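All remarks here apply to the structure that follows.
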Amino acid sequence: MAMQRRFPVGHADVFPAGAFLKGGVEPVADFNAERRADGSRPQQLDKDTGLPMWQVMVLDADEEAGKKDTAISIKIAAKVQPVPPENTTPFPWTPVEFVGLTALAYVDDNGNRPRLAWSFRAESLKAPGKPAASGSSAEKAA
1 MAMQRRFPVG HADVFPAGAF LKGGVEPVAD FNAERRADGS RPQQLDKDTG LPMWQVMVLD
61 ADEEAGKKDT AISIKIAAKV QPVPPENTTP FPWTPVEFVG LTALAYVDDN GNRPRLAWSF
121 RAESLKAPGK PAASGSSAEK AA
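If you're matching positions, the sequence shown starts at 1 in the UniProt record's numbering and goes up one per residue.
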């Protein structure tokens, strides 16, 4: 049996108590590419699809989440900048659900001792319990 490096996971499996968007959607800088004339870095492209990479900062509402797992970054490959759902709560953080979420395990050795950490990607994001917007990132890539 061949195990894929990145494997699909359900949103509720990763965020059983919910997830909240902190801030907006930002382009992922490509630190392996040369700087532009103005000193900025170009946007990273997805290795599989060639689509631009975007990232969001997410707060995990799970009370049992560890200190380093409370705020995580999730990347999204999309032709255009994904639009987060409208925040209809009185709080500064927007409830969010990820569609097509995948996980990749890696060893984080930035500390006193190495630990298992996770890198997450999603096809798109939406309001919890709502249908995904038509034309997901995967459809746009085709």
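Virtual Cβ for every residue (Gly too), placed ideally from N, Cα, C. What you are looking at is a predicted structure, and each value in this text was computed from that prediction instead of being measured.
What is the DSSP secondary structure of D48, counted as helix, strand or coil? coil
Measure the C-alpha to C-alpha separation of F7 and N110 and round it to an integer number of angstroms. For F7 and N110, the distance between alpha carbons rounds to 24 Å.
How far does the beta strand (DSSP E) with A37 in it reach, from first residue to last? Element bounds for A37: n/a, residue is neither H nor E.
Quick one: any contact between the region 4 to 23 and the region 58 to 71, if contact means 3 or more CB pairs under 8 Å? Touching, per the Cβ criterion.
Determine the direct distance from the alpha carbon of A122 to that of L51, and round the result to whole angstroms. Take the alpha-carbon of L51 and the one of A122: they are about 13 Å apart.
Taking one C-beta from the region 24 to 33 and one from the region 73 to 82 each time, how about it: are there three or more such pairs within less than 8 Å? Segments in contact, yes.
As assigned by DSSP and simplified to three states, the class of K79: coil
Run of the alpha helix (DSSP H) containing A61, from where it starts to where it stops: Run containing A61: none; DSSP gives neither H nor E here.
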